[in-house]
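K.L.:
The structure that follows is given in the form of structure tokens.
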Amino acid sequence: MTTLRGKYNEAKVFTHNLCDKASSQIVDYLDQDFSAGEKIRIMPDVHAGKGSVIGFTQTFSDKAVPNIVGVDIACGMLTVDLEDHDFSLEKLDAIIRRYIPSGHATLNQEKDFYLLKKLKCYDELQNKSRIYKSIGTLGGGNHFIEVNYSEKTKFKLLVVHSGSRNLGTQVAKHHQDIAEGLHSNTKNYQADVERVIKDLKGKKKQKDIDKAIKKIRNRYKGASRYPKDLCYLYGSYLDDYLHDMEITQKYATLNREEMINTILRHLLGAKLDDFYHFETLHNYIDLENKIIRKGAISARKGEKVLIPLNMRDGSLIAIGKGNEDWNYSAPHGAGRLYSRAEAMRKISLKDFQYQMKDVYSTSVRASTLDEAPQVYKPAEEIIGLISDTVEIIEQIKPLYNFKAS
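In this text, residue positions in the sequence shown follow the numbering used here: the first is 19, and each later residue adds one.
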């Protein structure tokens, strides 16, 4: 463990394996006055992220930065115990490639999500049809579908890792834009925004609202006392964000459930509710316990969690210990050693293929080099650092892995 200090707070970091950029991002946050008085704990899988560090946890009272949670709100894993069902991995791969869109692809037909219209930012959402068509889609990057084997139970487990797709991106950006405006050192910003929204709605030009708000924001750009990535919400603005975040979290859960149900229907003629399953979330605000988690998971006492390592080594199934000093949290994975650009330069396809020789996958390609096992911190490093916050039940090993390629 190490401790980093800024002007207004300090943070415990539960590892010494910390790159300079991640360290700088943490200290930048600690240098902001709104961090004062909060308990900040950084998980062992810490690495630099876009605008904020990954592996971040913090108690919160009346302020929150949407950018800390990030754009993939409520990303997480849904784990399903398939018991002793037998099936062909080739058939599974064919089903996924036919029925589960990945990358930027969506379904052809919309799926229902009635809560979407209850979003505070609903009128500002762009391409709503795409949001509905993305329910049941994987996305790209580190999102995956995997079948693992448990030596303990001799059963297979199906795991889907995905998030809130483009909805999360739009919700996060909308509320971070508001946060930037609130700290522009002028009382006119929000009045200007509200005026233009009212005007365009009256003219039935809702699709132009986003562009108009961006013009207003650019007018006030540079006037904030905080870095734009760290502007925070408060009062009714925070309430609106938390409201929208909860709905987006339900969307992300539905997205994972739809994928699992599609796979089970075509593979086994079954459905999710036929099997024991559990969900592990990261990138969200725990409203019940008032904890912000970015690239971190809840690990309350007795809580069952899944911690993915990499596509060669599988995942850890663990039980939370409810450690208050860890903000009742645990790492959401192993954490990256290399950025995506670095991985593409440093890792060869031949080595990637060798590392994955024992796992059935049609996703081991040049386009997925940035997700190779070597990109992540060693499994044994993470395992050796988390005994204070979780009890590891077992490490499940992958039989099959799919990522957008």
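Beta carbons: idealized from backbone N, C-alpha and C, even for Gly.
From a predicted model like this one, the values you see are computed outputs, not experimental measurements.
Tell me whether Ala361 is buried or exposed, calling it buried when 16 or more other Cβ atoms sit within 10 Å of its Cβ.
P.N.:
buried
K.L.:
What is the DSSP secondary structure of Lys225, counted as helix, strand or coil?
P.N.:
Annotated three-state conformation of Lys225 is helix, per DSSP.
K.L.:
Quick check: what's the CA-CA separation for Asn273 versus Tyr140?
P.N.:
C-alpha of Asn273 to C-alpha of Tyr140: approximately 19 Å in a straight line.
K.L.:
Given that a residue counts as buried once 16 or more other Cβ atoms are within 10 Å of its Cβ, and exposed if not, what is Tyr259?
P.N.:
So Tyr259 ends up on the buried side.
K.L.:
Short of 7 Å in beta carbon distance, which residues of its chain neighbour Ser168, apart from the five on each side in sequence? Order them along the chain.
P.N.:
Leu175, Glu412 and Ile414
K.L.:
Between which two residues does the beta strand (DSSP E) holding Gln127 run?
P.N.:
It is not in any beta strand (DSSP E) - Gln127 carries neither H nor E in the DSSP assignment.
K.L.:
Going by beta-carbon coordinates alone, are Val89 and Thr171 separated by less than 8 Å?
P.N.:
no
K.L.:
Take His261 as the anchor and find which of Ser147, Met277 and Lys138 has the nearest alpha-carbon.
P.N.:
Lys138
K.L.:
Taking the beta carbon of Ser316 as the centre, do at least 16 other beta carbons fall within 10 Å, making it buried, or is it exposed?
P.N.:
buried
K.L.:
Who are Pro349's beta bridge partners in DSSP?
P.N.:
Ala314
K.L.:
Please state whether DSSP places Ser433 in a helix, a strand or coil.
P.N.:
Examination of residue 433 is not possible in this model, given that the chain is present from 19 through 423 alone.
K.L.:
So, under 8 Å CB-CB, Ala314 and Gly73 are touching, yes? Tell me the CB distance rounded to an integer number of Å.
P.N.:
6 Å
K.L.:
Where in the region 20-82 do unbroken runs of the beta strand (DSSP E), each at least 3 residues long, occur, reported from the N-terminal end onward?
P.N.:
20-23, 28-31, 58-65 and 72-77
K.L.:
Thinking just about the alpha-carbon of each residue, which of His34, Arg23, Gly69 and Glu56 is nearest to the one in Ile395?
P.N.:
Sequence check: residue 395 is Lys here, not Ile. If we check each option's Cα against that of Lys395, His34 comes out closest.
K.L.:
Is the CB-CB distance between Asp99 and Tyr294 below 8 Å?
P.N.:
Cβ distance < 8 Å, so Asp99 and Tyr294 count as in contact.
K.L.:
Would you kindly work out how many angstroms separate the C-alpha atoms of Lys219 and Glu56, rounded to a whole number?
P.N.:
40 Å
K.L.:
Are there 16 or more other CB atoms within 10 angstroms of the CB of Glu136, so buried, or fewer, so exposed?
P.N.:
Correcting the residue type first, residue 136 is Lys in the shown sequence and not Glu. So Lys136 counts as exposed.
K.L.:
So is Ala209 buried or exposed if we call it buried at 16+ other beta carbons inside 10 Å?
P.N.:
exposed
K.L.:
Under the DSSP definition of a beta bridge, which residues are partnered with Glu412?
P.N.:
Ile335
K.L.:
With three or more C-beta pairs closer than 8 Å as the rule, is the region 321-334 touching the region 383-397?
P.N.:
They touch, by the three-pair rule.
K.L.:
If you run the structure through DSSP and keep just helix, strand and coil, what is Val165?
P.N.:
Of the three classes helix, strand and coil, the one that applies to Val165 here is strand, per DSSP.
K.L.:
Leaving out five residues on either side along the sequence, give the residues of the same chain with a beta carbon under 7 Å from the beta carbon of Thr77.
P.N.:
Glu56, Lys57, Lys308, Ile309 and Asn345
K.L.:
For the alpha helix (DSSP H) holding Ile401, just list the boundary residues, first then last.
P.N.:
Ala397 to Ile401
K.L.:
Tell me whether the beta-carbon of Leu200 lies closer than 8 Å to the beta-carbon of Gly154.
P.N.:
Their beta carbons are not under 8 Å apart, which means Leu200 does not touch Gly154 by this criterion.
K.L.:
For Lys308, which of helix, strand or coil comes out of DSSP?
P.N.:
coil
K.L.:
If you reduce the DSSP assignment to three classes, tell me which class Pro326 lands in.
P.N.:
strand
K.L.:
Spatial neighbours of Val214 within its chain, please: CB distance less than 6 Å, with the 5 preceding and 5 following residues excluded, ordered by chain position.
P.N.:
Ala230
K.L.:
Could you check what DSSP says for Arg363 in three-state terms: helix, strand or coil?
P.N.:
helix
K.L.:
Whose C-beta lies closer than 7 Å to the C-beta of Val382 among residues of the same chain, with five residues either side of it excluded?
P.N.:
Phe370, Gln371 and Met374
K.L.:
Mapping DSSP to helix, strand and coil, what is Gly320?
P.N.:
coil
K.L.:
To the nearest angstrom, report how far apart Val83 and Arg283 are at their CA atoms.
P.N.:
40 Å
K.L.:
Between which two residues does the beta strand (DSSP E) holding Thr97 run?
P.N.:
In the DSSP annotation of this structure, the continuous segment of the beta strand (DSSP E) that includes Thr97 starts and ends at Gly94 to Asp99.
K.L.:
Check whether the Cβ atoms of Ala29 and Asn301 lie closer than 8 Å to each other.
P.N.:
no
K.L.:
Under the three-state reduction of DSSP, which class applies to Lys233: helix, strand or coil?
P.N.:
Helix.
K.L.:
When we look at the beta-carbon of Met19 and count the other beta-carbons within 10 Å, is it buried (16 or more) or exposed?
P.N.:
exposed
K.L.:
Assuming Val87 is part of the beta strand (DSSP E), what are its boundary residues?
P.N.:
Taken as a continuous stretch (DSSP letters only), Val87 belongs to no beta strand (DSSP E), being part of the alpha helix (DSSP H) at Pro84 to Val87.
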